[in-house]
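One structure is given below, encoded as structure tokens.
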Amino acid sequence: MSDSAVDHTDFSPPARRLTRLLVIAGVLVLLAAGVAAVVWLPPRLACDGPGSGVVERDGECIGVTDGGPAFLPGGGEGLRERYRAVQERIEAENDRVADEESSAVKVALLSTLSATPDGPLSPEQVLHSLHGAHVAQMRANHTRELGDPAPQIQLYLANAGSGHDQWEPVVDELVGMTDDRAPLVAVVGLGPSVEATREAAERLSAEDVPMVSSVASATGLRHAEIPGLVRVTPGNTDFVAALHAYVGERDMLDTAMLVHDESPPDLHVKSLTDAFTRTFAEELAGHAPQPFQGRSVSEDVAYTYFDAVVRNLCAAEADMALFSGRTVDLREFLDALHVRPCLDEPVSVLFVETGPVIPPEEVEKLRESRVTVVHASAADPAWSDEERAAGPVPEGYAPFEAAFRARLSEVTDVEAALQDGYAAAHHDAVMVAVRALRLTHSGEDGQAPSAARTARALFLLNEDNTVAGASGTLSYSTSRGGDPGRKPVPVLEIPARGPAPELYVTPAL
-8 MSDSAVDHTD FSPPARRLTR LLVIAGVLVL LAAGVAAVVW LPPRLACDGP
42 GSGVVERDGE CIGVTDGGPA FLPGGGEGLR ERYRAVQERI EAENDRVADE
92 ESSAVKVALL STLSATPDGP LSPEQVLHSL HGAHVAQMRA NHTRELGDPA
142 PQIQLYLANA GSGHDQWEPV VDELVGMTDD RAPLVAVVGL GPSVEATREA
192 AERLSAEDVP MVSSVASATG LRHAEIPGLV RVTPGNTDFV AALHAYVGER
242 DMLDTAMLVH DESPPDLHVK SLTDAFTRTF AEELAGHAPQ PFQGRSVSED
292 VAYTYFDAVV RNLCAAEADM ALFSGRTVDL REFLDALHVR PCLDEPVSVL
342 FVETGPVIPP EEVEKLRESR VTVVHASAAD PAWSDEERAA GPVPEGYAPF
392 EAAFRARLSE VTDVEAALQD GYAAAHHDAV MVAVRALRLT HSGEDGQAPS
442 AARTARALFL LNEDNTVAGA SGTLSYSTSR GGDPGRKPVP VLEIPARGPA
492 PELYVTPAL
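Counting in the working numbering, the sequence shown runs from -8 upward without gaps.
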């Protein structure tokens, strides 16, 4: 046979060619899996591993847990250990409910659980929030103070990041939990009054998930604007009304200057500025507002400058500075007032916050500088001592304090934890959610508990169904738009310069 007649067809075994193709495909799959693992695994390994319920985002562990692994703040190890201690107790109670109870539901605390010192909520405030929510969980599960102790409550923890800006995946998970065997029936807390909080609340509202805000006092964060959202704290309009009532009782206070944070997007500051401007129009007349760039919401501000502001305050000879900003900026403003040109003239700084913010060691310096901080608050630390309290102590405060001491005295300094009002506010938010749940679920109508049914019960919490909270007896009606009616608003004068101010109470309707 000639060379030209030779057939050069490849007679390699087909299996060998197939094997080569499979090897190549396998290598590609492994490479793709490796790339995916490089992207997918590190954020999860950084936060206690896959299955923990949390993922690292921008250096923080974000997600929803039953108390483990613990969300931890920026700060020292001592503070982090206190975070672990209370979350371990929350996890233990959740496990008990899962193991022992046939009827259970979930309530989620949504907040800035990985708080930093310069954030809108401090690490200490968030720690006390966890304390208060857990105490309410235990009272709901182990007493009849909120009616029959069923369904039992599992308290889940939802971290939206130190600035609340990681809320979207967290809220997605919460919405999905409404279909669990033990369904999510309410979200409490909600964190600070910032734009991200409003967006998270709107998403939950659209899914018919009821919310009880603990400390977000911005005017637009309530049922009137976001259906299904009520709050424990008074709104900024009520806080400012309490301050104006205080001023009306004091003849020496008649001129004011507004000092306001202009950093977007802080809803608390915006609505507080609006309330000050509207309510104190007469006292502010003729004095230009004094803007500053605050630090707690904007990451672009390293230091707040107040020298020019206090010089203008002195030049205007104003009796009052209406401070519309966060606590971290108030401290720097007070530092500037200590060296102002007009030290011989007294000045009152009017401010709004959930609880006291002036440490005892700073009171004497305020006195020497002739500065009085007039603070509209949602709670009064003097409620622990009825003889020191300005006005009647809420009927629900003593049972709350007793339960707090019984449950948490081994893991925290009770006196310190009760000072800033955050424990009381978050305790009360859980109490409101549980009371609404149990109004609509007797277990006898054959219907399972749900978020939608709980939402419909919020405005039945009035008349004979009020909630005896630590911060006041809480009542809700549609006419108040989600703000609490008959809520006491203590005005704290630091240092005290006379008889305690008359207690302001929000309108009933």
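Think of the CB as a built atom: it goes at the ideal place given N, C-alpha and C, for glycine as much as any other residue.
State the start and end residues of the unbroken alpha helix (DSSP H) segment that holds residue i.
| i | result |
| --- | --- |
| Cys305 | Asp298 to Ala307 |
| Leu275 | Ala272 to Leu275 |
Could you check where the beta strand (DSSP E) with residue i kicks off and where it finishes?
| i | result |
| --- | --- |
| Thr363 | Val362 to Ala367 |
| Gly180 | Leu175 to Gly180 |
| Phe342 | Val338 to Val343 |
So, helix, strand or coil for residue i, using DSSP?
| i | result |
| --- | --- |
| Leu112 | coil |
| Gly138 | strand |
| Val161 | helix |
| Gly463 | strand |
| Ser(-7) | With a pLDDT of only 46 at Ser(-7), under 50, the local geometry of the prediction cannot be trusted, and the value read off the model is given with reservation. Ser(-7): coil per DSSP, three-state reduction. |
| Asn456 | helix |
| Arg444 | helix |
| Glu47 | strand |
| Val88 | helix |
| Arg35 | Note that Arg35 scores a pLDDT of 47, beneath 50, so its modelled location is shaky; the value from the coordinates is reported in the next line. Note: Arg35 maps to helix in three-state DSSP. |
| Glu352 | helix |
| Leu451 | helix |
| Ala27 | Because the pLDDT at Ala27 is just 39, under 50, the model does not fix this residue reliably, and the value given afterwards should be weighed accordingly. It is helical. |
| Leu70 | helix |
| Pro486 | coil |
| Ala131 | helix |
| Val319 | helix |
| Arg286 | coil |
| Gly472 | coil |
| Phe62 | coil |
| Asp326 | helix |
| Gln438 | coil |
| His125 | helix |
| Asp265 | helix |
| Ala491 | coil |
| Asp170 | helix |
Who pairs with residue i in a beta bridge, going by DSSP?
| i | result |
| --- | --- |
| Gln281 | Val250 |
| Asn150 | Gly54 and Ser102 |
| Ile144 | Val96 |
| Phe314 | Val250 |
| Val496 | Pro479 |
Could you tell me whether the Cβ atoms of residue i and residue j are closer together than 8 angstroms?
| i | j | result |
| --- | --- | --- |
| Pro282 | His251 | yes |
| Gly211 | Ala416 | no |
| Tyr220 | Gly473 | Per the sequence shown, the amino acid found at residue 220 is Leu instead of Tyr. Going by C-beta atoms, Leu220 is nearer than 8 angstroms to Gly473. |
| Gly184 | Ser205 | Correcting the residue type first, residue 184 is Ser in the shown sequence and not Gly. For Ser184 and Ser205, no; Cβs fall outside 8 angstroms. |
| Phe297 | Glu323 | yes |
| Glu274 | Ala247 | yes |
| Pro385 | Trp374 | yes |
| Leu451 | Thr457 | no |
| Leu357 | Val364 | yes |
| Val117 | Leu399 | no |
| Val362 | Val348 | no |
| Gly463 | Pro479 | yes |
| Leu409 | Pro372 | yes |
| Ala151 | Gly182 | yes |
| His133 | Ala414 | no |
| Val203 | Ala424 | yes |
| Val179 | Val421 | yes |
| Val345 | Val176 | Rather than Val, the amino acid found at residue 345 in this sequence is Thr. Taking 8 angstroms as the Cβ cut-off, Thr345 and Val176 do not qualify as a contacting pair. |
| Asn227 | Leu249 | no |
| Asp404 | Asp310 | no |
| Gln78 | Gly59 | yes |
| Leu258 | Glu186 | yes |
| Leu502 | Ala61 | In the structure as shown, the chain starts at -8 and stops at 500, and residue 502 therefore has no counterpart that could be examined. |
For residue i and chain B, any beta-carbon pair shorter than 8 angstroms?
| i | result |
| --- | --- |
| Leu263 | The displayed structure is made up of one protein chain only, and chain B is not part of it. |
Quick one: which unbroken beta strand (DSSP E) runs of 3-plus residues sit fully inside the segment 182 to 262? Chain order, please.
-> DSSP runs (the beta strand (DSSP E)) wholly in the segment 182 to 262: 202 to 204, 220 to 222 and 247 to 252.
Could I get the ranges of all uninterrupted alpha helix (DSSP H) runs contained in the segment 369 to 429, with 4 residues as the minimum, in chain order?
-> Within the segment 369 to 429, the alpha helix (DSSP H) runs of at least 4 residues that lie entirely inside it are, in chain order, 388 to 399 and 405 to 408.
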